[in-house]
Amino acid sequence: MEIRLDGRSALVTGGSKGLGLAMATEFARSGADVAILARDPKTLEAARASVAATAKGRVVAYPCDVGKAEDIAGAWAKVNAELGKIDILVNNAGGSIRGRIEDVTDQMWQDDLDVKFFGAIRFIRLAFPAMKERKWGRIINVLSIAAKAQVGGGAPTEVTRAAGMALTKVVAGEGAPHGVLVNALLVGSIVSDQVVRGHRSRAPDMKFEDYVKMRGEKIPLGRMGRPEEFANIACFLASDAGSYITGTALNVDGGMSPVV
């Protein structure tokens, strides 16, 4: 099966690194015009050039802090002016912040909610009307497997991700009659920029390849996932091939999650 996105336009938040960059690359390679958003202009421009190297259509990039409503509104207006429309929205921005409940401050809670939850809400609110009018749209919320199975010490990120899964289901119900499909992809243990940072802080004396291998041994498939494998699933859901899938939360984790 060849997955094509010709004639579609996609917006990916957190698109300058890791999973966001992999999804933007795969979308562009499959024929879509792609806009990537991230906070750091220098990293963003390097990512834009990387995506454009194998793109079939246009690739644009704009700095945007998705934790700020004014940044979202400004970036959305620029992307629409340049690409004309957004058919595919991927809410991917946000890292992982975990701590004991008594150590998580109000500001930490608010910052996490602003980026991961309210950022997604604001982009969906902007995207929804035109998608409904065109009777075609795809929204993918990138969460983590902790959205389904939380553990102690996982606040605030695991709570925010669980809220994102509920948001996915609610918006899917509203979008379905209009051809707007909304799904969540739940990340397990995939080699990404977060893993690179984890290696630096937790095992700086260990070779990165050995660190990845060690982490992979705990996963049923026996290895960590690759960003490209995650991007392939996102591309499928964003295409016409995924036309009967909505309201789902799909684990992309090599069997790591304790729940389906």
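Add 5 to a position in the sequence shown, counting from 1, and you land on the number used in the numbering used here.
Positions of the beta carbon are idealized from the N, C-alpha and C atoms, including for glycine.
Because the structure is a prediction, the values reported are computed rather than measured.
Whole-angstrom distance between residue 66 and residue 198, CA atom to CA atom: Approximately 19 Å, taken between the alpha carbons.
Using 8 Å as the cut-off, can you tell me whether the region 110-123 makes contact with the region 163-176, which would need three or more C-beta pairs spanning the two stretches below that distance? Taking 8 Å as the limit for Cβ pairs, the verdict is that the region 163-176 does touch the region 110-123.
Going by other Cβ atoms of all chains shown within 10 Å of its Cβ, with 16 needed for buried, is residue 223 buried or exposed? It counts as exposed.
Among 30, 178, 161, which residue has its Cα nearest to the Cα of residue 188? For residue 188, the nearest C-alpha among the options comes from 178.
Terminal residues of the continuous beta strand (DSSP E) containing residue 66? Here the beta strand (DSSP E) through residue 66 covers 64-68.
Could you give the residue range of the beta strand (DSSP E) that holds residue 208? Premise fails: residue 208 is in no beta strand (DSSP E) and is neither H nor E.
Residue 103, DSSP secondary structure in three states: It is a strand residue.
In this structure, does DSSP put residue 95 in helix, strand or coil? Of the three classes helix, strand and coil, the one that applies to residue 95 here is strand, per DSSP.
Leaving out five residues on either side along the sequence, give the residues of the same chain with a beta carbon under 6 Å from the beta carbon of residue 233. Taken in chain order, the residues that qualify are 27.
So which of 21, 13, 201 has the shortest CA-CA distance to residue 38? Residue 13 holds the alpha-carbon nearest to the alpha-carbon of residue 38 among 21, 13, 201.
Which word fits residue 94, buried or exposed, when buried means at least 16 other C-beta atoms lie within 10 angstroms of its C-beta? Buried: at least 16 other Cβ atoms inside 10 Å.
Length at least 4, wholly inside the region 14-67: the alpha helix (DSSP H) runs in chain order: With a minimum length of 4 residues, the continuous alpha helix (DSSP H) runs that stay inside the region 14-67 are 23-34, 46-57.
Determine the DSSP secondary structure at residue 254, reduced to helix, strand or coil. In the three-state scheme derived from DSSP, where H, G and I count as helix and E and B as strand, residue 254 is classed as strand.
DSSP on residue 131, reduced to helix/strand/coil? Here residue 131 sits in helix by DSSP.
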